[in-house]
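Q: Going left to right, the sequence shown walks through residues 111 to 380 as the working numbering numbers them.
I am attaching a structure below and will ask some questions about it afterwards.
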Amino acid sequence: MPFATIDGQPLHYTDQGTGPAVLLAGSYLWDQAMWAPQIAALSQHYRVIALDLWGHGQSAKLPEGTTSLDDIARQALALLDHLDIDRVTLVGLSVGGMWGVRLALSAPQRLNGLVLMDTYVGVEPEPTRQYYFSLFKQIEDSGVIAPQLLDIVVPIFFRPGIDPQSALYQDFRAALAALPAERLRESIVPMGRITFGRDDLLPRLGELNPDTTLVMCGDQDKPRPPSEAREMAELIGCSCVLVPEAGHISNLESAGFVTEALLKFLAERN
Numbered sequence: 111m112p113f114a115t116i117d118g119q120p121l122h123y124t125d126q127g128t129g130p131a132v133l134l135a136g137s138y139l140w141d142q143a144m145w146a147p148q149i150a151a152l153s154q155h156y157r158v159i160a161l162d163l164w165g166h167g168q169s170a171k172l173p174e175g176t177t178s179l180d181d182i183a184r185q186a187l188a189l190l191d192h193l194d195i196d197r198v199t200l201v202g203l204s205v206g207g208m209w210g211v212r213l214a215l216s217a218p219q220r221l222n223g224l225v226l227m228d229t230y231v232g233v234e235p236e237p238t239r240q241y242y243f244s245l246f247k248q249i250e251d252s253g254v255i256a257p258q259l260l261d262i263v264v265p266i267f268f269r270p271g272i273d274p275q276s277a278l279y280q281d282f283r284a285a286l287a288a289l290p291a292e293r294l295r296e297s298i299v300p301m302g303r304i305t306f307g308r309d310d311l312l313p314r315l316g317e318l319n320p321d322t323t324l325v326m327c328g329d330q331d332k333p334r335p336p337s338e339a340r341e342m343a344e345l346i347g348c349s350c351v352l353v354p355e356a357g358h359i360s361n362l363e364s365a366g367f368v369t370e371a372l373l374k375f376l377a378e379r380n
C-alpha cells in the first residue's frame, strides 16, 4: 500500500489508472474506500488518487502542529508534490470540500477543476458546533463511540429512508464501533474539532473560477442541506446539482448518478 511521509507521519493513499489526475477527498469518519464505485469507473480514463484522512483508514495519527483545515490542505499539496502531480481535479465531499476550497484558494494554479460535494465552507452554526463538540467530549472521555452515540452519529450520514439493516449502514456502524481509544483521542476527535471549529470562507468563494467549479449535494442531506449548496454555488457563480435519493454520503447512496456527473465534468475539464 502506498504511503507518503508528510509532517513526520505516514499518509495512506490509493493511486489507480493513468491520464489526467483526479484527487478524491472524502468525509470525516470515512476512509478512501468510500470512493470505491468512483475509483473503479474514473480510473478507466484518469489517474485517480484517494487519500485517508489522518487517523482514518491506514493513515497514521494527526501530525503534531496540525490545527486547522489550512494545514490539511497544505498536507494534500505535499502529497501531490510527492507524486509529481502538477495539476489535478479535486473532488471533495464534506470535510474534503472544506479543505479542498482552501487548497483551491492557496494554489489555484494546481487545479484543473473543483467539485464540492455535500460540504459547506461557512462557519458551523453555533448550536450545531456546540452539539458536535459535546459528542467529541463524550468520545474523548470514554475512549469509545458507545452504542447510544452510534444511534445518533450513523444516521446523520444517510438519507432518512435508508434501510438500517443494509450493508452500507451496518458496515459503517461496525467500523465506528471498532475504532480504538488511542486513535479516537489522538486523531478522530481533534480532526472533528478542526472540522467543526472552522473559520468562514464564504466571503472568498467569489475568488474561485465558476467555469471550473461544480457544487453537488444529496437531495436529502441532513448535516449539509441543499440550501447550503445553493448558497455556495450562487457565491461562486457555478452550477449546483442535487443528487437524487441521497443523503450526506451521496456518492455511495446514488453512486451511478454521481459517477456519471463526475465523468461529464472531467471530460469537459481535461
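In this text, a Cβ means the ideal position worked out from N, Cα and C, and glycines have one as well.
Buried or exposed for Q219, please, with buried defined as at least 16 other CB atoms from any protein chain shown within 10 angstroms of its CB.
A: Per the 10 Å Cβ criterion, exposed.
Q: Sort M144, T128 and D117 by Cα distance to T369 and report the nearest one.
A: Looking at the Cα atoms, M144 is the closest of the given residues.
Q: Put S169 into one of helix, strand or coil per three-state DSSP.
A: Coil at S169, not helix or strand.
Q: Counting only the same chain and skipping the five closest in sequence on each side, list residues whose C-beta sits under 6 Å from that of Y230.
A: Within the same chain, Y230 has close Cβ partners R334 and E338.
Q: What did DSSP end up calling P120 once you bin it into helix, strand or coil?
A: P120 falls in the strand class under three-state DSSP.
Q: I'd like to confirm the pairing. Which residues does DSSP put opposite I159 in its beta bridges?
A: Paired residue(s): D125 and L133.
Q: In chain order, what residues of the same chain lie with their CB nearer than 8 Å to the CB of L187, ignoring the 5 residues before and after it?
A: Cβ neighbours of L187 beyond the five flanking positions: L213, S216, A217 and R220.
Q: Quick one, are the C-beta atoms of D310 and V233 less than 8 Å apart?
A: The answer is yes: Cβ separation under 8 Å.
Q: From which residue to which residue does the beta strand (DSSP E) around S276 run?
A: No beta strand (DSSP E) contains S276, which DSSP labels as neither H nor E.
Q: Helix, strand or coil for G316? Go by DSSP, reduced to three states.
A: Three-state DSSP puts G316 in a helix.
Q: Helix, strand or coil for M144 per DSSP?
A: M144 falls in the helix class under three-state DSSP.
Q: Mapping DSSP to helix, strand and coil, what is G206?
A: The answer is helix: DSSP assigns G206 an H, G or I state.
Q: Considering only DSSP beta bridges, list what C348 is partnered with.
A: Answer by DSSP bridge pairing: none, since C348 is not bridged.
Q: I'd like to check one pair, Y156 with G129: are the Cβ atoms closer than 8 Å?
A: Yes; because the gap between Cβ atoms is below 8 Å, this pair is in contact.
Q: Identify every residue that forms a DSSP beta bridge with V198.
A: For V198, which the question treats as bridged, DSSP gives the partners A131 and L221.
Q: Does the stretch 353–373 come into contact with the stretch 242–255, if we say contact requires no fewer than three beta-carbon pairs (one atom in each stretch) closer than 8 Å?
A: Counting Cβ pairs under 8 Å, fewer than three are found: no touch.
Q: From P237 to K332, what distance separates their C-alpha atoms?
A: Using only the alpha carbons, I get a separation of about 15 Å.
Q: How should M208 be labelled, buried or exposed, when 16 other C-beta atoms within 10 angstroms of its C-beta is the threshold for buried?
A: Buried, by the Cβ-count rule.
Q: Enumerate in chain order the residues of its own chain whose CB-to-CB distance from L260 is below 7 Å, with the five nearest sequence positions on each side excluded.
A: R283, L286 and A287, listed in sequence order.
Q: Considering only C-alpha positions, which residue in the set L224, G271, P300 and R379 is nearest to C350?
A: Nearest C-alpha to C350: L224.
Q: Specify, as a first and last residue, the run of the beta strand (DSSP E) that L324 falls within.
A: Residues T323 to G328.
Q: Can you tell which of H122, C348, Q168 and D329 has its C-alpha closest to the C-alpha of D228?
A: The shortest Cα separation from D228 among H122, C348, Q168 and D329 belongs to D329.
Q: Quick check: what's the CA-CA separation for K247 versus R379?
A: Going by the C-alpha atoms only, they are around 43 Å apart.
Q: Three Cβ pairs or more, each shorter than 8 Å: is that satisfied between the stretch 343–359 and the stretch 117–128?
A: Touching, no, given that fewer than three Cβ pairs across the two stretches are closer than 8 Å.
Q: Are the beta-carbon atoms of Q148 and D162 separated by less than 8 Å?
A: Taking 8 Å as the Cβ cut-off, Q148 and D162 do not qualify as a contacting pair.
Q: Could you check whether E344 and K171 sit closer than 8 Å to each other, using their CB atoms as the reference points?
A: Not in contact: K171 and E344 (Cβ atoms no closer than 8 Å).
Q: Apply the 10 Å Cβ neighbour rule to I182 and answer buried if 16 or more other Cβ atoms are within range, or exposed otherwise.
A: That one is buried.
Q: Since L121 contacts S169 with CB under 8 Å, what's their CB separation in whole angstroms?
A: Going by Cβ atoms, the distance from L121 to S169 rounds to 5 Å, so yes, they are a contact pair.
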